[in-house]
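J.: First, the structure itself, so that you have it in front of you.
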Amino acid sequence: MIPLRDSNPTVIYPFVNWLVIAGAIAVFFLIQPQTNPDSTIFVYEWAAIPCELTTMDALDQQEFETGLCLPGGTGSDLFPDKSVALGVVVSMFLHGGLGHLLGNMWILWIFGNNAEEAFGSGGYLLFYLASGFAATAAYVLLNPGSTVPLVGASGAIAGVMGAYLILFPTARIVSIVPIFFFMPFEVPAWIYLILWFGGQFALAGEVGQIAWEAHVGGFLFGLVIAAALRGRLFDRIARLHRRRVPRRIRRR
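Residue numbers (the numbering used here): 3 to 254.
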């Protein structure tokens, strides 16, 4: 099931959501190399790597060559000036290919504006980053010795989707299923999001390909935070909509 849009208009301009999308696109096309070996070197230098976060030390040459995480290290670091902690943030703006980028940004475009309206622009930015941190933590917890870089905004976006499930479960998601000749149909958000969440566990066999653990961790984090703040978030949405007349509702 591929979502096309939601039927859940906002009364704000989601500037932070637009900036996050623009930032990821800019990094991909203007900063991140697209061909090997430069692409691989760039990702290892800048992205979050579970082994590094476990040991709080950059990978050394032996760890890179063997794929084994060796606490304490036995050789010279590949990138001695690398900030291991900063890599967690940088990873949210790196992607493994054009399809990866477009898929993530499309989902963020659909669900992010409503989350920003609920949290407020500043709160949404903090929530988005915190979702990314939680997603990374979940992945590292389950894969502490992995020396494979973690790239993509999927974990942070999963947090946005988890919040959406709590805040807008009955909103309609216009979707398509390709085998049905691309005929659009509407489903409640809760159906789409629960199916998406369940589908992450089907990816568990794709070892080294998809960080499903990060998706699950980010989604659960967003769900819990939105549930804890639900009353406050609903009050904010209600106040915003009372202030604006219907003709000023912003549609995508």
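Every residue gets a Cβ at the ideal spot worked out from N, C-alpha and C, and that includes glycine.
Going by the CB atoms, is the gap between D62 and L80 shorter than 8 Å?
T.: Counting from one through the sequence shown, the residue named residue 80 turns up at place 78. Counting from one through the sequence shown, the residue named residue 62 turns up at place 60. In this structure, D62 lies closer than 8 Å to L80 by Cβ.
J.: Please say whether Y166 and V22 have beta carbons closer to each other than 8 Å?
T.: As a working mapping, residue 22 is identified with position 20 in the sequence shown. As a working mapping, residue 166 is identified with position 164 in the sequence shown. No, the Cβ-Cβ distance between V22 and Y166 is not below 8 Å.
J.: Using a 10 Å radius around the Cβ and a threshold of 16 neighbouring Cβ atoms, would you call P5 buried or exposed?
T.: Position 3 of the sequence shown, counting from 1, holds the residue named residue 5. By the neighbour-count rule (16 or more Cβ atoms within 10 Å), P5 is buried.
J.: Straight-line CA distance for R252 to C53?
T.: Counting from one through the sequence shown, the residue named residue 252 turns up at place 250. Counting from one through the sequence shown, the residue named residue 53 turns up at place 51. Low local confidence applies: a pLDDT of 49 at R252 is under 50, so the model's placement there is unreliable, with the coordinate-based value given in what follows. C-alpha separation (whole angstroms): 44 Å.
J.: Shortest alpha-carbon distance to D83 belongs to which of G134, P39 and E47?
T.: Start at 1 with the first residue of the sequence shown, and residue 83 comes out as number 81. Ranking the options by Cα distance to D83, first place goes to E47.
J.: My output table needs one value for I27: the three-state DSSP class, helix, strand or coil.
T.: The residue labelled residue 27 in the question sits at position 25 within the sequence shown. Three-state DSSP puts I27 in a helix.
J.: Based on DSSP bridge pairs, tell me the residues matched to V189.
T.: Indexing the sequence shown from 1 puts residue 189 at position 187. DSSP lists I175 as partners of V189.
J.: Take V176 and list the residues in its own chain whose beta-carbon comes closer than 8 Å to its own, dropping the five residues that flank it on each side.
T.: Start at 1 with the first residue of the sequence shown, and residue 176 comes out as number 174. P5, L6, R7, D8, S9, P186, F187 and E188, listed in sequence order.
J.: Under 8 Å, do E118 and I14 count as touching if we go by C-beta distance?
T.: In the sequence shown, counting from the first residue as 1, residue 118 sits at position 116. In the sequence shown, counting from the first residue as 1, residue 14 sits at position 12. Closer than 8 Å, so yes.
J.: Pop quiz: A49 and L144 are said to be a contact at Cβ under 8 Å. What is the actual Cβ separation, rounded to whole angstroms?
T.: For the purposes of this step, residue 49 is identified with residue 47 of the sequence shown, where counting begins at 1. For the purposes of this step, residue 144 is identified with residue 142 of the sequence shown, where counting begins at 1. The pair is not a contact, with the Cβ atoms about 18 Å apart (cut-off 8 Å).
J.: Could you check which residue in D237, I109 and A230 has the C-alpha nearest to that of A191?
T.: Here residue 191 refers to the residue found at position 189 when the sequence shown is read from its first residue. Per the Cα distances, I109.
J.: Using only CA atoms, which one of I33, F170, R174 and G134 lies nearest to G219?
T.: Within the sequence shown, numbered from 1, the residue matching residue 219 stands at position 217. G219 has its Cα closest to that of G134, out of I33, F170, R174 and G134.
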